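Notes for the one structure printed next.
There are 2 protein chains.
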Amino acid sequence: MSEIRIRSKIWFEIEGQPLLGEGRFRLLSAVECAGSINAAAKNLGISYRKAWSQLEDMEQHAPFPLLERRVGGKGGGESQLTAETQELLKNFRLLREQINSAADYYFAEVFPMEE
Amino acid sequence: MSEIRIRSKIWFEIEGQPLLGEGRFRLLSAVECAGSINAAAKNLGISYRKAWSQLEDMEQHAPFPLLERRVGGKGGGESQLTAETQELLKNFRLLREQINSAADYYFAEVFPMEE
DNA sequence: TTATCGATATGCGAAATATGCATAACGGTC
DNA sequence: GACCGTTATGCATATTTCGCATATCGATAA
Numbered sequence: 615m616s617e618i619r620i621r622s623k624i625w626f627e628i629e630g631q632p633l634l635g636e637g638r639f640r641l642l643s644a645v646e647c648a649g650s651i652n653a654a655a656k657n658l659g660i661s662y663r664k665a666w667s668q669l670e671d672m673e674q675h676a677p678f679p680l681l682e683r684r685v686g687g688k689g690g691g692e693s694q695l696t697a698e699t700q701e702l703l704k705n706f707r708l709l710r711e712q713i714n715s716a717a718d719y720y721f722a723e724v725f726p727m728e729e
Numbered sequence: 615m616s617e618i619r620i621r622s623k624i625w626f627e628i629e630g631q632p633l634l635g636e637g638r639f640r641l642l643s644a645v646e647c648a649g650s651i652n653a654a655a656k657n658l659g660i661s662y663r664k665a666w667s668q669l670e671d672m673e674q675h676a677p678f679p680l681l682e683r684r685v686g687g688k689g690g691g692e693s694q695l696t697a698e699t700q701e702l703l704k705n706f707r708l709l710r711e712q713i714n715s716a717a718d719y720y721f722a723e724v725f726p727m728e729e
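Have a look at this one:
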């Protein structure tokens, strides 16, 4: 019994509904970086439709607006994260890191001396 | 921003392929308890087809046999876990518990006094 | 020796999801 | 007022999941 690795993931829920997981974290990060949903989708290699649907679904359950969107105008429009969303991403990033480290630590205790 | 909870999950991989996660952990536990795939599926409220497919998929990647199966004969047949599978389940159970606790702990540090 | 019975094993169509193409709407800028 | 690139969305297609139906198996009992 070797070559076994542990993986872990975390996500936030609100009233039992999924709010933010790894995939959507990446999407929001990409939006923050790119300044628009469209550019973010291109960067991630997914369709705009898919990105939009995921954001739509998220905002159904989020207790605050995720994005500030602007349609039309200079450049066609843009989207950026609200301050609360930025804070949420920051917390997610930190917790994911901590818990992933904890997983590796506990795993090494249970499966010692692999190869 | 309240009512937010953290959730976490772990799974084992072998050579990058999923080996054991929560759903399959429950399935194997049910098989161990019930003594057959069929009875386990009934207990879990899923179809035998689904249970069998999941086990089939698992055994594709597992480095050791998961089940000892017997077809036909007294009672029609039976299935039980190998000793290695029992050990794997035990480790999974322990690690899941530890990491879940760690998630709650770190979460409380980042999101204090949410009631 | 043969019929029985309940579990394993599996093909295949149906149902549920996910995906993405095509198109409308929008509104600063020139 | 025409243009441009983005947001927004309907809808058809592709992919995955699900489960019904059926074949196979073999110890036991008759």
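Quick mapping for you: the protein sequence lines, in order, are chains H and Y.
Using our numbering, read the first sequence as starting at 615 and increasing by one per residue.
Using our numbering, read the second sequence as starting at 615 and increasing by one per residue.
Heads up, the beta-carbon is just placed ideally off N, CA and C, and yes, glycines get one too.
As the structure is a computational prediction, the values presented were derived from the model and not from experiment.
Rank H/Asn-714, H/Phe-706 and H/Ser-715 by C-alpha distance to the C-alpha of Y/Val-724 and give the top, closest one. H/Phe-706
Are the C-beta of Y/Gln-712 and some C-beta of chain H separated by less than 9 angstroms? yes
Can you name the residues of chain H whose CB is closer than 8 angstroms to the CB of Y/Glu-617? Ile-628, Glu-629 and Pro-677
First and last residue of the beta strand (DSSP E) that includes Y/Leu-634? 631 to 634
Beta-carbon of Y/Leu-741 versus every beta-carbon of chain H: anything under 9 angstroms? Residue 741 of chain Y falls outside the range modelled here, since chain Y spans only 615 to 729, and no answer is possible.
Taking only beta-carbon atoms, is H/Arg-621 less than 9 angstroms away from chain Y? yes
Taking just the CA atoms, how far does Y/Phe-639 sit from H/Tyr-720? 19 angstroms
At a CB-CB cut-off below 8 angstroms, which residues of chain Y make contact with H/Leu-633? Ile-618
Here's the rule I'm using: 16 or more other beta-carbon atoms within 10 Å means buried, otherwise exposed. How should H/Ala-722 be labelled? exposed
Beta-carbon spacing of H/Ala-676, H/Ile-628 below 9 angstroms: yes
Does H/Phe-639 get closer than 9 angstroms to chain Y when you measure Cβ to Cβ? no
Which of helix, strand or coil DSSP assigns to Y/Gly-691: strand
Within its chain, find whatever has a CB closer than 8 angstroms to the CB of H/Ile-713; leave out the 5 residues flanking it on each side and keep chain order. Ser-622 and Ile-624
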